[in-house]
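Peer 1: The numbering of the sequence shown is this note's numbering, which starts it at 49 and goes up by one.
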Amino acid sequence: MNRFVLNETSYHGYGAISAVADEIKARGFAKAFVCSDPDLIKFGVTKKVTDILDNAVIPYEIYSNIKANPTVENVQTGVDAYKASGADCIVAIGGGSSMDTAKAIGIIINNPEFADVVSLEGVAPTKNKCVPIIAVPTTAGTAAEVTINYVITDAANNRKMVCVDVHDIPVVAVVDPDMMASMPKGLTAATGMDALTHAIEGYITKGAWELSDMFHIKAIEIIARSLRAAVNNEADGREGMALGQYVAGMGFSNVGLGIVHSMAHPLGALYDTPHGVANAIILPTVMEYNAPYTGEKYRDIARAMGVEGTDTMTQEEYRKAAIDAVKQLSADVGIPADLKEIVKAEDIDFLSQSAFDDACRPGNPRETSKEEIAELYKSLL
Numbered sequence: 049m050n051r052f053v054l055n056e057t058s059y060h061g062y063g064a065i066s067a068v069a070d071e072i073k074a075r076g077f078a079k080a081f082v083c084s085d086p087d088l089i090k091f092g093v094t095k096k097v098t099d100i101l102d103n104a105v106i107p108y109e110i111y112s113n114i115k116a117n118p119t120v121e122n123v124q125t126g127v128d129a130y131k132a133s134g135a136d137c138i139v140a141i142g143g144g145s146s147m148d149t150a151k152a153i154g155i156i157i158n159n160p161e162f163a164d165v166v167s168l169e170g171v172a173p174t175k176n177k178c179v180p181i182i183a184v185p186t187t188a189g190t191a192a193e194v195t196i197n198y199v200i201t202d203a204a205n206n207r208k209m210v211c212v213d214v215h216d217i218p219v220v221a222v223v224d225p226d227m228m229a230s231m232p233k234g235l236t237a238a239t240g241m242d243a244l245t246h247a248i249e250g251y252i253t254k255g256a257w258e259l260s261d262m263f264h265i266k267a268i269e270i271i272a273r274s275l276r277a278a279v280n281n282e283a284d285g286r287e288g289m290a291l292g293q294y295v296a297g298m299g300f301s302n303v304g305l306g307i308v309h310s311m312a313h314p315l316g317a318l319y320d321t322p323h324g325v326a327n328a329i330i331l332p333t334v335m336e337y338n339a340p341y342t343g344e345k346y347r348d349i350a351r352a353m354g355v356e357g358t359d360t361m362t363q364e365e366y367r368k369a370a371i372d373a374v375k376q377l378s379a380d381v382g383i384p385a386d387l388k389e390i391v392k393a394e395d396i397d398f399l400s401q402s403a404f405d406d407a408c409r410p411g412n413p414r415e416t417s418k419e420e421i422a423e424l425y426k427s428l429l
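1. Please report the distance separating the alpha-carbon of residue 336 from that of residue 308.
2. Pick from 425, 338 and 312: whose alpha carbon is nearest that of residue 210?
3. Is the Cβ-Cβ distance between residue 349 and residue 383 less than 8 Å?
4. On the CB-based measure, 16 or more other CB atoms within 10 Å of its CB, does residue 385 come out buried or exposed?
5. Helix or strand or just coil, what does DSSP make of residue 81?
6. When burial is assigned at 16 or more other CB atoms within 10 Å of the CB, is residue 262 buried or exposed?
7. Between the stretch 217–225 and the stretch 165–172, can you find at least three pairs of beta-carbon atoms closer than 8 Å?
8. Tell me the residue span of the alpha helix (DSSP H) that contains residue 252.
9. Once DSSP output is grouped into helix, strand and coil, what is the label at residue 174?
10. Beta strand (DSSP E) containing residue 260: first to last residue?
11. Given residue 78, which residues of its chain have a CB within under 7 Å of its CB, disregarding the five upstream and five downstream residues?
12. Please report the straight-line C-alpha distance between residue 146 and residue 89, rounded to a whole angstrom.
13. Measuring CB to CB, does residue 111 end up less than 8 Å from residue 152?
14. Quick check: the Cα distance between residue 409 and residue 306, rounded to an integer number of angstroms?
15. What's the gap between the Cα of residue 334 and the Cα of residue 375?
16. Using only the alpha-carbon positions, how far apart do residue 104 and residue 70 sit?
17. Quick test of the definition: if touching needs 3 or more C-beta pairs under 8 Å, does the stretch 239–259 touch the stretch 386–397?
18. Taking the alpha-carbon positions, what's the residue 272 to residue 156 distance?
19. Rounded to whole angstroms, what is the Cα-Cα separation between residue 106 and residue 134?
20. Please report the Cβ distance between residue 316 and residue 208, rounded to the nearest whole angstrom; I am assuming they are in contact, meaning their Cβ atoms lie under 8 Å.
21. Would you be able to state if there are at least three C-beta pairs under 8 Å between the stretch 231–241 and the stretch 279–294?
22. For residue 209, write down the residues that DSSP places opposite it in a beta bridge.
23. How would you write the range of the beta strand (DSSP E) that residue 58 sits in, first residue to last?
24. Is it buried or exposed for residue 127, if we count other Cβ within 10 angstroms and need 16 for buried?
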């Protein structure tokens with residue numbers, strides 16, 4: 049038996065944020081708890097949504113104690129702030145950090161036995177749906193607005209906790225490319241490569257099946273043709289990436305990922321490395337490692353990436369073509385080719401153990417070990 053979980057409602061395209069006030073009123077909510085990070089508030093991105101709330105005379109309170117890699121402390125202070133606010137819904141505005149924080153807050157409010165946050169790691173046995181969340185992404189990458197996953201950093205132990213819970217998915221996703229227009233090139237590239245990693249890992253993960261494959265192949269196709277233009281801040285590129293990353297999220301949220309994410313998570317926890325950058329650097333190397341366990345799927349990936357002539361290629365040729373296409377896209381949008389400037393050799397043992405213990409590792413198409421993961425890290429230095 050396979051299960052698929054998606055938002056109740058989603059809105060897409062330029063001007064979609066106007067639906068936020070309509071959804072709040074239609075669902076009978078009285079006050080919103082707005083989760084958004086300090087930079088989005090500083091640069092007026094959050095205001096695009098709060099202006100809509102103001103015009104609709106919907107009261108709200110803003111919570112912004114959110115780091116790029118949100119911590120247990122960010123969640124716990126958010127829970128206290130929510131309780132004090134008198135709100136009955138959450139509007140999460142931002143990238144994965146804001147939406148992940150909102151999910152954890154919403155889960156704990158309705159499942160207070162998990163107030164320590166760390167007990168939410170893995171597949172937590174929560175009983176109640178989280179506080180209703182309306183998610184408005186400002187980056188085109190994490191797809192947290194449509195996933196049942198969130199990641200919180202356990203700073204005390206230098207590790208990221210992957211939490212998986214069908215009760216945390218936002219009830220409404222509002223995917224408006226205009227909310228992403230202020231992203232600088234570097235962030236656009238990193239989050240876009242994160243989305244591509246979701247699509248490729250989701251397509252080859254052990255849990256993949258026909259329904260998820262449909263989303264992942266289409267997502268690879270959209271991202272491959274849109275990311276370069278999005279990095280140049282072209283409207284069509286922004287719109288394509290907004291859709292492509294969401295479609296990827298529809299798939300991987302329901303079937304899992306692999307060791308690209310397992311290896312990227314500890315880099316964020318230990319070095320605060322942007323998640324998309326870590327994924328982008330690691331992805332081609334892990335694709336090479338996984339290739340013998342992927343059947344003909346790399347032919348489909350190569351074709352979706354825009355490679356011509358895949359039908360007449362040998363298995364070795366189309367696998368190489370798929371990996372080369374990923375490397376080329378990554379280089380074209382300015383992603384570093386290795387981890388030399390990020391990873392310290394003395395940390396590899398810790399990183400490898402963390403990656404092996406990560407919740408994404410079991411979904412990898414190839415069985416692996418701590419030692420093999422260590423060799424993959426070393427190959428990128």
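All residues carry an ideal CB built from backbone N, CA and C; glycine is no exception. Remember, predicted model here, so these are calculated numbers, not experimental data.
Peer 2: In brief:
1. Stepping through the sequence shown from its first residue, residue 336 is reached at position 288. Stepping through the sequence shown from its first residue, residue 308 is reached at position 260. Cα to Cα, residue 336 sits roughly 12 Å from residue 308.
2. As a working mapping, residue 210 is identified with position 162 in the sequence shown. The shortest Cα separation from residue 210 among 425, 338 and 312 belongs to 312.
3. Numbered from 1 along the sequence shown, position 301 holds the residue referred to as residue 349. Numbered from 1 along the sequence shown, position 335 holds the residue referred to as residue 383. Cβ distance not < 8 Å, so residue 349 and residue 383 don't count as in contact.
4. The residue labelled residue 385 in the question sits at position 337 within the sequence shown. With fewer than 16 Cβ atoms within 10 Å of its Cβ, residue 385 is classed as exposed.
5. Position 33 of the sequence shown, counted from the start, is the residue given in the question as residue 81. Note: residue 81 maps to strand in three-state DSSP.
6. Your numbering for residue 262 matches position 214 in the sequence shown. Its Cβ having fewer than 16 others within 10 Å, residue 262 is exposed.
7. no
8. Counting from one through the sequence shown, the residue named residue 252 turns up at place 204. 233–252 is the extent of the alpha helix (DSSP H) around residue 252.
9. Here residue 174 is taken as the residue at index 126 of the sequence shown, counted from 1. Three-state DSSP puts residue 174 in coil, outside helix and strand.
10. Position 212 of the sequence shown, counted from the first residue, corresponds to residue 260. It is not in any beta strand (DSSP E) - residue 260 instead sits in the alpha helix (DSSP H) that spans 258–279.
11. Residue numbering aside, residue 78 sits at position 30 when the sequence shown is read from its first letter. 136.
12. Counted from its first residue, the sequence shown places residue 146 at position 98. Counted from its first residue, the sequence shown places residue 89 at position 41. Their backbone Cα atoms lie some 12 Å apart in a straight line.
13. Residue numbering aside, residue 111 sits at position 63 when the sequence shown is read from its first letter. Residue numbering aside, residue 152 sits at position 104 when the sequence shown is read from its first letter. No.
14. Position 361 of the sequence shown, counted from the start, is the residue given in the question as residue 409. Position 258 of the sequence shown, counted from the start, is the residue given in the question as residue 306. Using only the alpha carbons, I get a separation of about 5 Å.
15. Residue 334 sits at position 286 when you count from the first residue of the sequence shown. Residue 375 sits at position 327 when you count from the first residue of the sequence shown. About 12 Å.
16. Here residue 104 is taken as the residue at index 56 of the sequence shown, counted from 1. Here residue 70 is taken as the residue at index 22 of the sequence shown, counted from 1. Spanning the two alpha carbons is a distance of roughly 9 Å.
17. no
18. For this step, residue 272 is matched to residue 224 along the sequence shown. For this step, residue 156 is matched to residue 108 along the sequence shown. Cα to Cα, the separation comes out at about 38 Å.
19. Taking the sequence shown and counting its residues from 1, the one referred to as residue 106 is at position 58. Taking the sequence shown and counting its residues from 1, the one referred to as residue 134 is at position 86. Between residue 106 and residue 134, the C-alpha separation is close to 13 Å.
20. Along the sequence shown, one-based indexing puts residue 316 at 268. Along the sequence shown, one-based indexing puts residue 208 at 160. Confirmed, Cβ separation roughly 6 Å.
21. yes
22. Mapped onto the sequence shown, residue 209 falls at position 161. In the DSSP output, where bridge partners are listed per residue, residue 209 has 200.
23. Numbered from its first residue, the sequence shown carries residue 58 at position 10. Taken as a continuous stretch (DSSP letters only), the beta strand (DSSP E) holding residue 58 covers 57–60.
24. Walking along the sequence shown from the start, residue 127 turns up at place 79. Buried, by the Cβ-count rule.
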